[in-house]
Structure formats: structure tokens, C-alpha cells
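Undergrad: The structure that follows is given in the form of C-alpha cells.
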Amino acid sequence: AQSVTQLDSQVPVFEEAPVELRCNYSSSVSVYLFWYVQYPNQGLQLLLKYLSGSTLVKGINGFEAEFNKSQTSFHLRKPSVHISDTAEYFCAVSVVLDSNYQLIWGAGTKLIIKP
Amino acid sequence: DTEVTQTPKHLVMGMTNKKSLKCEQHMGHRAMYWYKQKAKKPPELMFVYSYEKLSINESVPSRFSPECPNSSLLNLHLHALQPEDSALYLCASSQDRELEAFFGQGTRLTVV
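Chains A and B, in that order, give the protein sequences. Number 15 in our numbering belongs to position 15 of the first sequence; there are no gaps in the numbering. Number 1011 in our numbering belongs to position 11 of the second sequence; there are no gaps in the numbering.
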């Protein structure tokens, strides 16, 4: 079965420090990959996506992610976090299941910014 | 316009009530979705409409009834809900099924 693993349920980091949120997926076929952010009491907002092409993808708010096919990973990074980055981050993979595309979600990682 | 608009933002309903959640998008997207999200969990897919036809129903109880009146609107009719149905209900749309989904702000539903 297809799955998405976000190994860290919470990541605490000091303001202005770099951060990496990890995402691994299981799939033997081509996939589309996404990172979404959810601020408290809000809907989900797309941070960035990988569909094809360059494996380094830049998104909004200074985030970027690297698609690594051999390691089936799509880790999210930011070189310097801000207090406003406090949120839940979800990795998702779009795969074909029963002739339909379906979005498989990771469990989420809560990013906690310490002042 | 790159928004998905959901109304109401908050809803409290009794177990015998009938209510509806509404969702609207004007991006020309052909796929629309309903998700249920419990606290500290990822969203769970409930229904998918593709070209105004229901294409996926993830074994959702019949007390939830989706409706897609046209390509811009998606409704979720609620009847005889249970307290465990309390959650954030998210609507989303995408240009095609494999591409990124745009989410609304959600309706926070409380069943009493």
C-alpha cells in the first residue's frame, strides 16, 4: 500500500535557525509530491510541489524541498525560520489508485519556533 | 480569483438537525473535494467530484450527502449527525485530479 511517513511529529527550533522537516514515501511508480502548511484554525495552503523537472523546488515563504527518487524522500527546508512559521506541515503524494489519482497524506509535523 | 470559499465558518448543530455546508470556487477547476479533519490529524478524504459527477465516496455514512449543483459549487448536506462527527470540514478544488488542491478555510462543525 502507498504511504507517506513524516518521522517527526514535532520539531522545535530557535528563531532564525535552519530547519528540515522530513518526508518519505513508498511508491514504485511516478508520483507528484506536495507540502502543505496549516496555520492554527485555518485551512491548508500549498507551500510547494514537485511534478517533474528540477529536483530542487522552491516554494512560498522561503521554503524549498528536494526530491530524491533513490531515497524516496521529499524533505522540506528553510534556512532561517521566523516565529510566523509556527504551524502544522503536511507532506502529500498524489498516486494512481484504481485508475484514479488519490492524495496520500503524511501524519503531519508541528513546527514550533522558540524565541 | 484563487480562492475556495466555504460557509459557514462555524456551525453548532443538534443531532436531529439538518444543515448544509457550502463551497464555491471560480478558478474553473473540474475536481472538487470534501475532507474531514480531526484535531492534530491529516485531512481524510470523504468525497470527490470530477466534472460534476461523484467519482469517489470513501465509505462515508449516509448522514453525509454531497451535492454538486454546478462546476463552481459543492454542498455537503448533514442530517442526524453524531457528536463524533464534530471536526473541521474542508473543501478543496483542483484543475485536474493529479495536480495540487486549493483548500478553503474550512467549517468548524460541533455536534451537540
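We treat Cβ as the ideally placed atom computed from N, Cα and C, and that holds for glycine. These numbers come from a predicted model, not from an experiment.
Checking 8 Å against the spacing of the C-beta atoms, do alanine 107 of chain A and serine 9 of chain A come in under that value?
TA: Counting from one through the first sequence, the residue named residue 107 of chain A turns up at place 107. Counting from one through the first sequence, the residue named residue 9 of chain A turns up at place 9. Yes.
Undergrad: What residues in its chain sit with their C-beta under 6 Å from that of tyrosine 50 of chain A, if we drop five residues either side in the sequence?
TA: Walking along the first sequence from the start, residue 50 of chain A turns up at place 50. Excluding residues within five positions, the ones whose Cβ falls inside 6 Å are Leu33, Val57 and Phe67.
Undergrad: Determine whether the Cβ of leucine 1090 of chain B lies closer than 8 Å to any Cβ atom of chain A.
TA: For the purposes of this step, residue 1090 of chain B is identified with residue 90 of the second sequence, where counting begins at 1. Yes, contact with chain A.
Undergrad: Pick helix, strand or coil for asparagine 1017 of chain B, following the three-state DSSP scheme.
TA: As a first step, residue 1017 of chain B is located in the second sequence; it is residue number 17 there, counting from the start. Coil at asparagine 1017 of chain B, not helix or strand.
Undergrad: Can you tell me whether histidine 1029 of chain B is buried or exposed, with buried defined as 16 or more other CB within 10 angstroms of its CB?
TA: As a first step, residue 1029 of chain B must be located in the second sequence, where it is residue number 29. Label assigned to histidine 1029 of chain B: buried.
Undergrad: Over what stretch of residues does the beta strand (DSSP E) that includes cysteine 1068 of chain B continue unbroken?
TA: On the second sequence, position 68 is the one that residue 1068 of chain B refers to. It spans 1064-1070 - the beta strand (DSSP E) in which cysteine 1068 of chain B sits, taken as one unbroken run.
Undergrad: Given that glutamine 1105 of chain B touches chain A, what residues does it touch there, using C-beta distances under 9 Å?
TA: Stepping through the second sequence from its first residue, residue 1105 of chain B is reached at position 105. Residues of chain A passing the Cβ test: Asn41, Gln42 and Gly43.
Undergrad: What does the Cβ neighbour count give for phenylalanine 1064 of chain B, buried or exposed, with the cut at 16 atoms within 10 Å?
TA: Position 64 of the second sequence holds residue 1064 of chain B. Buried.
Undergrad: Within 8 Å (strictly less), CB to CB, does serine 94 of chain A reach chain B?
TA: Numbered from its first residue, the first sequence carries residue 94 of chain A at position 94. At least one chain B Cβ lies under 8 Å of serine 94 of chain A.
Undergrad: Below 7 Å CB to CB, which residues in the same chain sit around glutamine 965 of chain B once its five sequence neighbours on both sides are set aside?
TA: Shown here, chain B extends from 1001 to 1112; a query on residue 965 of chain B therefore has no answer.
Undergrad: If you reduce the DSSP assignment to three classes, tell me which class glutamate 1084 of chain B lands in.
TA: The residue you call residue 1084 of chain B lines up with position 84 of the second sequence. If DSSP states are grouped into helix, strand and coil, glutamate 1084 of chain B belongs with the helices.
Undergrad: Quick check on the DSSP output: the beta strand (DSSP E) that includes proline 12 of chain A runs from which residue to which?
TA: Reading the first sequence from its first residue, position 12 is the one you call residue 12 of chain A. 10-14 is the extent of the beta strand (DSSP E) around proline 12 of chain A.
Undergrad: Considering only C-alpha positions, which residue in the set A:Tyr89, A:Glu15 and A:Ser70 is nearest to valine 29 of chain A?
TA: Mapped onto the first sequence, residue 29 of chain A falls at position 29. Out of A:Tyr89, A:Glu15 and A:Ser70, A:Ser70 has the C-alpha closest to the C-alpha of valine 29 of chain A.
Undergrad: Would you tell me roughly how many angstroms separate the C-alpha atoms of glutamate 16 of chain A and glutamate 1003 of chain B, rounded to the nearest one?
TA: Within the first sequence, numbered from 1, the residue matching residue 16 of chain A stands at position 16. Within the second sequence, numbered from 1, the residue matching residue 1003 of chain B stands at position 3. Cα to Cα, glutamate 16 of chain A sits roughly 31 Å from glutamate 1003 of chain B.
Undergrad: Between which residues of its own chain and histidine 1116 of chain B is the CB-CB distance below 6 Å, once the five residues before and five after are set aside?
TA: Because residue 1116 of chain B is not part of the residues shown, which for chain B are 1001 to 1112, the question remains open.
Undergrad: Locate the beta strand (DSSP E) running through isoleucine 60 of chain A, then write down its first and last residues.
TA: Within the first sequence, the letter at position 60 stands for residue 60 of chain A. It is not in any beta strand (DSSP E) - isoleucine 60 of chain A carries neither H nor E in the DSSP assignment.
Undergrad: Should lysine 1012 of chain B be labelled buried (16 or more other beta-carbon atoms within 10 Å of its own) or exposed?
TA: In the second sequence, counting from the first residue as 1, residue 1012 of chain B sits at position 12. The displayed chain sequence assigns valine, not lysine, to residue 1012 of chain B. So valine 1012 of chain B counts as exposed.
Undergrad: Give me the chain B residues within the contact set of alanine 107 of chain A, using Cβ-Cβ distance strictly less than 8 Å, ordered along the chain.
TA: Taking the first residue of the first sequence as 1, we reach residue 107 of chain A at position 107. Per Cβ cutoff of 8 Å: Lys1041 and Pro1042.
Undergrad: For the beta strand (DSSP E) holding lysine 110 of chain A, just list the boundary residues, first then last.
TA: For the purposes of this step, residue 110 of chain A is identified with residue 110 of the first sequence, where counting begins at 1. Lysine 110 of chain A -> beta strand (DSSP E) spans 109-114.
Undergrad: For lysine 1022 of chain B and glutamate 1052 of chain B, what's the separation of their Cα atoms in angstroms?
TA: Your numbering for residue 1022 of chain B matches position 22 in the second sequence. Your numbering for residue 1052 of chain B matches position 52 in the second sequence. Whole-angstrom Cα-Cα distance: 15 Å.
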